[in-house]
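Undergrad: Sending over a structure as structure tokens; questions will come in a sec.
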Amino acid sequence: MAHAPSFPESFETPSAGLLALRACDDIDSLRVVQRAYACLEKLIGPQHASDTEEFGPDRTELCALVGLVNEALERSIGATDITVQSLRAALDGGAAPATSKRPV
988 MAHAPSFPES FETPSAGLLA LRACDDIDSL RVVQRAYACL EKLIGPQHAS
1038 DTEEFGPDRT ELCALVGLVN EALERSIGAT DITVQSLRAA LDGGAAPATS
1088 KRPV
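Be aware that the sequence shown starts at 988, since it is given in the numbering used here, and climbs by one per residue.
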């Protein structure tokens, strides 16, 4: 599924270039989760009547799947938010990044 969130490996302030690369990785993670949502959309709304006979998840299974995808999406958004805030701080001359108000 989505890769692990990218956080600085050390206590040193990462360069703007490194933060930009991490932001790109974080966006790639968001794209993976978006594809999972697109898959869910196809599962929930089959195109042909015969599709429902071949694949019939129950409500509990779909809830569990949607829950996992939502958790992955929240982690990816949190990681992207932290990376972009760090990038902004680095570009502004090293000011400390604001903490994210979203759960990670």
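Glycine is no exception: its CB is placed at the ideal position from the N, C-alpha and C atoms.
Specify, as a first and last residue, the run of the alpha helix (DSSP H) that residue 1070 falls within.
TA: 1046-1078
Undergrad: By the three-class DSSP mapping on this structure, what secondary structure does residue 1099 have?
TA: This structure leaves residue 1099 out entirely; the chain is present only between 988 and 1091.
Undergrad: To the nearest angstrom, how far is the alpha carbon of residue 1044 from that of residue 1014?
TA: 30 Å
Undergrad: How long is the line joining the alpha carbons of residue 991 and residue 1047, rounded to whole angstroms?
TA: Low local confidence applies: a pLDDT of 49 at residue 991 is under 50, so the model's placement there is unreliable, with the coordinate-based value given in what follows. Cα to Cα, the separation comes out at about 27 Å.
Undergrad: Output yes or no for whether 8 Å exceeds the beta carbon distance between residue 1017 and residue 1070.
TA: no
Undergrad: So, residue 1020 versus residue 1059, is the Cβ gap smaller than 8 Å?
TA: yes
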